[in-house]
Amino acid sequence: MHYIESGGGTPLVLLHAFPADARMWDPARAGLDDQARVIAPDQRGLGESPLNGSWARSSASRESARVPEHPSIDTAAADVLALLDRLELPEVVLGGCSMGGYVAMGVLRAAPKRVAGLLLVDTKSVADNDEQRANRLNAADRAEREGTSGWLAEGTLPNVLGRTTRAHRPEVLKHVRELIDAQPPEGVAWAQRAMANRPDSTDALRAFTGPALVVVGAEDSLTPPEHARALADVLPGGELVTLPGAGHLPPLETPDAFAGVVRPWLAELG
């Protein structure tokens, strides 16, 4: 599993959104590096991580060894646990944006003792409805049939970037388009099918009594602020922060503001 690491201090594992890779955290990293050891992996089949998961099969992690390798958020979560084993990290602060949040919740379901704190960014705990699931499966089929050049970014950008970013941050628009266009079609298809099949994680969040921070962009149309409020309310230790001027990807759209709310929360964890 390919990952990017920088900084020092509290281990903070950040799981990226779909359809991007670990580079989505780069703009916010400068604001976190002096306080945390930031570890950002490319999830299976995306960025520079292979789809076949051969590195995970060689891990000694018992959690990962039990998980089948059909498209599944549980498999992606087992990949993260295998990485923690490889880095000899018994527990970490775990963060995820969008799909990364689904994977973080998968880790929480599988191995809650490995999670010292939970950071959920523009994500949700509930499973897809029938329409959402069908849309994902159709997109997976199209990615395998046609590749992803052009159409995936065109269909994704209006949904993941807030109106302020689309109107006033052309450099962010360009960067996110490049991230999307760089993803392998087979990895995109795998991730879509994994998300389509994911379970509801609400009970796992309700059982997590550790510190939890929920961050949402005020302009997020995919998982809007009212959904984030419901997510924070489920978490016994949940706090909610809404970031103005951001959509579904605050670490890319408003990285300084994002790091500015994560830093004091990390400081409270000691």
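In the UniProt record's numbering, the protein residues as written are 1 to 270. Cβ coordinates follow ideal geometry from the N, Cα and C atoms, glycine included.
When secondary structure is reduced to three states using DSSP, Pro224 falls in the coil class, being assigned neither helix nor strand.
Here the C-alpha atom of Ala82 lies approximately 20 Å from the C-alpha atom of Ala204.
For Pro11, the three-state secondary structure derived from DSSP is strand. Exclusion of the five residues before and after Asp181 leaves Ala153 as the residues of its chain whose Cβ lies within less than 6 Å of its Cβ.
Within 10 angstroms of the beta-carbon of Asp122 lie 16 or more other beta-carbons, which makes it buried. As summarised for the segment 65 to 152, the continuous alpha helix (DSSP H) elements at least 4 residues long and confined to that stretch are 73 to 86, 99 to 110 and 130 to 146, given in chain order. Here Arg145 is exposed. Its C-beta has fewer than 16 other C-beta atoms within 10 Å. Taking Gly9 as the centre and dropping the five residues before and after it, the same chain places the C-beta of Gln35, Ala36 and Arg37 closer than 7 Å to its C-beta, in chain order. In this structure, Lys113 keeps its C-beta atom at 8 Å or more from the C-beta atom of Glu131. With a cut-off of 8 Å on Cβ pairs, the segment 102 to 116 is not in contact with the segment 169 to 181, counting fewer than three such pairs.
In this model, Ala127 and Leu118 are separated by some 19 Å (Cα to Cα).
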